[in-house]
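In this text, residue positions in the sequence shown follow this note's numbering: the first is 290, and each later residue adds one. Think of the CB as a built atom: it goes at the ideal place given N, C-alpha and C, for glycine as much as any other residue.
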Amino acid sequence: MKINRRRRLIRTFNLLDQPMRFNPFVFSRSFFMWAITGLVGGIIAGLYWIVLEHFTEFLHQFQGWMVIPTMAISGLLAGLVIHFIGDPGEIHLIVNNIRFNKGKLDPKNNPSMILSSLFCVASGGSLGPEAPLVQVTGSTGTYLGKLFRLKGEELRSLSIAGMASGFTALFGAPLGGSLFSLEILHHKHAVEYYKAIIPALVASCFSYLMFALIIHLGIGATWDLKAYHYTGVYDFAYATAFGIVGTLFGWIFIFVVKFFKKAFEYRKFPIYIKTLVGGILLGVIAFYFPLTRYFGHHEINELINGEYTLNFLIIILVFKILAIAITVTSGWRGGFIIPLFFVGTTLGLIIHHLFPTVDTTLAIVSCMAAINACVTRTPMSTTIILGTLTGFTYFVPILFASLTGYFLAPKIPFIGSQSEKLTEE
């Protein structure tokens, strides 16, 4: 029965393609596949976001000392999900599969990824929902590609289009999400999979439309930064200088992650023990410094609008880096892009405290761009995404900071699979 349904679907798409072969437009059957991938990705992202918000609201009521057992139990449950249902992997695995596994992302890991990430993100872990969304929407693209009997680069492109729909839904930036899905796959050749650019753009637009309909998303900046006023060509030098500071903390973050990774791998414990220990540590940090709890989507606005002292900001910076590192290395599931933006925001505010004449918005956005480009090797998409999220319409200073983070990043990338050469077409 499944084979017959697939054959009927293929025949339908072939019929749709027939009358378009003689038209003067680029529009073809492929457009439908990319659009369907984006629509499905947007629906998945919208439903995931709604569930995540309700679950977060439920767990957020546990404040004070209750945050420690709440995060410990959530970590334990996430670990048990991974242990019994299967390990969904992390961003390293997604990059490897796209590059070395003919672009195939396995949908069988989706239940484990969705459940474990909901516990991790909703309870207050310092990782965001971008990695789970990308895994699920990317594997959906693979599934649809197999349904349409695609092979080779066409299948890989549809998987990348699915990834782009996930990035776009979270960041609200179709162009930035499309480029990010391509750029994160290889740090030396950002257009290595240039054939997937148009599929990614189409899927991103349809995903954004569906996601906006589901959660009633508006158009505008996510974070309340003050308007930036260009003062002269020296602003590019400032952006580069701030970018150097952001890059320095990108290096610090990478080394802290390596330290905790060795600590958690010192003894071979089951995954649920590591996630439990991670939950306890994160709960203790969140108890003393509540602003470090969660991945930073709302907390960045709290930082920007709050009147915090320099000492407090330095403490938050240190413990937020520790919280992200513990979350990443203890088996908790999620993405570290928005948490890194939180670190960049804190850095920018610290710079403003030290040098009050500095434009706060320029300092914050430059640090955000540099630290993310240093860790993820995505200078182009980081620039566009930050322009959308912050309302910073002057892209050139952000680009200077992003390129600073990119070219001053460690030679061995944080996402290890980015450094390997492509051996399979």
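Let me know if residue i comes out buried or exposed under the rule of 16 or more other beta-carbons within 10 Å of its beta-carbon.
i           : result
residue 682 : exposed
residue 466 : buried
residue 549 : buried
residue 668 : buried
residue 340 : exposed
residue 512 : buried
residue 696 : exposed
residue 694 : buried
residue 355 : exposed
residue 559 : exposed
residue 373 : exposed
residue 334 : buried
residue 441 : exposed
residue 599 : exposed
residue 358 : exposed
residue 674 : buried
residue 472 : buried
residue 522 : exposed
residue 715 : In this structure the chain extends from 290 to 714, so residue 715 is not present and cannot be described.
residue 556 : exposed
residue 542 : buried
residue 527 : buried
For residue i, which of helix, strand or coil comes out of DSSP?
i           : result
residue 466 : helix
residue 524 : helix
residue 581 : helix
residue 394 : coil
residue 514 : coil
residue 554 : coil
residue 609 : helix
residue 698 : coil
residue 350 : coil
residue 358 : helix
residue 567 : helix
residue 596 : coil
residue 519 : coil
residue 450 : helix
residue 488 : helix
residue 667 : coil
residue 478 : The predicted position of residue 478 is uncertain, since its pLDDT is 49 and thus under 50; no value can be drawn from it.
residue 647 : coil
residue 619 : coil
residue 703 : coil
residue 682 : coil
residue 559 : coil
residue 440 : coil
residue 375 : coil
residue 586 : coil
residue 403 : helix
What are the residues that DSSP puts in a beta bridge with residue i?
i           : result
residue 532 : DSSP lists no partner for residue 532.
residue 417 : 624
Could you compute how far the alpha carbon of residue i sits from the alpha carbon of residue j?
i           : j           : result
residue 394 : residue 447 : 11 Å
residue 701 : residue 293 : 49 Å
residue 362 : residue 627 : 24 Å
residue 478 : residue 488 : Confidence at residue 478 is low in this model, with a pLDDT of 49, below 50, so its placement is unreliable and the value that follows should be read with caution. The alpha-carbon atoms of residue 478 and residue 488 are separated by roughly 19 Å.
residue 540 : residue 704 : 13 Å
residue 552 : residue 616 : 13 Å
residue 591 : residue 653 : 14 Å
residue 698 : residue 318 : 42 Å
residue 538 : residue 439 : 43 Å
residue 566 : residue 468 : 36 Å
residue 464 : residue 579 : 34 Å
residue 397 : residue 369 : 17 Å
residue 672 : residue 659 : 10 Å
residue 351 : residue 413 : 11 Å
residue 631 : residue 581 : 9 Å
residue 406 : residue 324 : 27 Å
residue 520 : residue 586 : 30 Å
residue 691 : residue 665 : 11 Å
residue 530 : residue 634 : 15 Å
residue 532 : residue 594 : 23 Å
residue 563 : residue 376 : 14 Å
residue 364 : residue 596 : 33 Å
residue 655 : residue 679 : 11 Å
residue 637 : residue 649 : 7 Å
residue 515 : residue 554 : 44 Å
residue 661 : residue 445 : 26 Å
Would the stretch 631-651 and the stretch 426-445 be scored as touching if the rule is three or more Cβ pairs under 8 Å?
no
contact_flag[the stretch 448-460, the stretch 488-498] where n(CB pairs < 8 Å) is 3 or more
yes
Counting beta carbon pairs with one atom in the stretch 606-623 and one in the stretch 568-577, are three or more of them shorter than 8 Å?
Flag = yes, the stretch 568-577 and the stretch 606-623 touch.
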